[in-house]
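Here's the structure we're looking at; comments come further down.
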Amino acid sequence: MAKLLRNPHVMQNRIELSEVISLGYSVKKSDIDRLPYFQAVVKETMRFHPLVPLLLPYKAKNDLEICGFTIPKDNHVLVNIWAIARDLGYWKDPLSFLLERFLGCNIDFRGRDFEYLPFGAGKRICLSIPLGLRMVHLVLASIIRSFSRKLP
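By numbering that gives the first Met the number 0, the letter at position 147 of the sequence shown is numbered 146, and the numbering carries on one by one without gaps.
Written as structure tokens, this is what we have:
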């Protein structure tokens with residue numbers, strides 16, 4: 000909600016919600032697939048504010064070298080998802096809230112696109128992705144559609 004309030008141009012999703020969901024009806028799971036702009040709002044928010052900023056614990060099975068750094072066998076490494084989400088090598092203008100980066104593209108949060116890992120990846124990916132996404136989409140869409148908000 001804070002990102003939406005600080006970026007009033009993003010409130011276009013209120014118009015999209017009104018066009019897809021008839022007045023007097025509640026938001027349903029089947030409605031979310033018809034809301035690409037709203038889905039981009041959720042994806043960009045999750046990119047900007049990952050649920051767990053340091054994630055993906057990894058134990059090196061052998062000595063390995065990554066970007067000139069040697070990681071000795073049996074050492075533990077954490078992946079800094081917060082930093083990846085702000086990396087100019089992956090994202091154009093990473094400190095801006097830009098929905099366009101998720102409109103018309105197939106960047107996925109299921110651990111296949113390693114520049115976007117809000118739920119982790121690999122064996123330790125979050126098991127409740129379907130429930131979490133469904134709840135975020137339904138609750139946020141209901142709030143946006145039902146109430147007008149503005150900063151004081």
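Think of the CB as a built atom: it goes at the ideal place given N, C-alpha and C, for glycine as much as any other residue.
Model, not experiment: these values are computed from the prediction.
- Item | Closest residue to P56 among H48, I80, L130 and C66 (Cα-Cα distance) | I80
- Verify whether the separation of the beta carbon atoms of F96 and R33 is less than 9 angstroms. no
- Message: A84 and N74 - do their beta-carbons sit closer together than 9 angstroms?
- Response: no
- Per DSSP, H75 forms a beta bridge with which residues? K58
- Query: By Cβ distance below 8 angstroms, which residues in the same chain neighbour V9 in space, the five residues on each side in sequence not counted?
  - Reply: K2, L3, V40, F96 and L98
- Quick check: the stretch 42-51 against the stretch 12-30, are there 3 or more CB pairs under 8 angstroms? no
- L137 and K42 look like a contact to me (Cβ under 8 angstroms); what is the Cβ gap, rounded to whole Å? Contact flag wrong, Cβ pair sits at about 16 angstroms.
- Do I143 and R46 have their C-beta atoms closer together than 9 angstroms? no
- Task: With DSSP collapsed to three states, give me the class of I65.
- Result: strand
- Message: Tell me which residues share the same chain as L102 and place their Cβ nearer than 8 angstroms to its Cβ, disregarding the 5 neighbours each side in the sequence.
- Response: P35, Y36 and A39
- Item | L116 - partner residues in DSSP beta bridges | L116 pairs with nothing; no bridge assigned.
- Query: With DSSP run on the structure shown, which of helix, strand or coil describes L53?
  - Reply: strand
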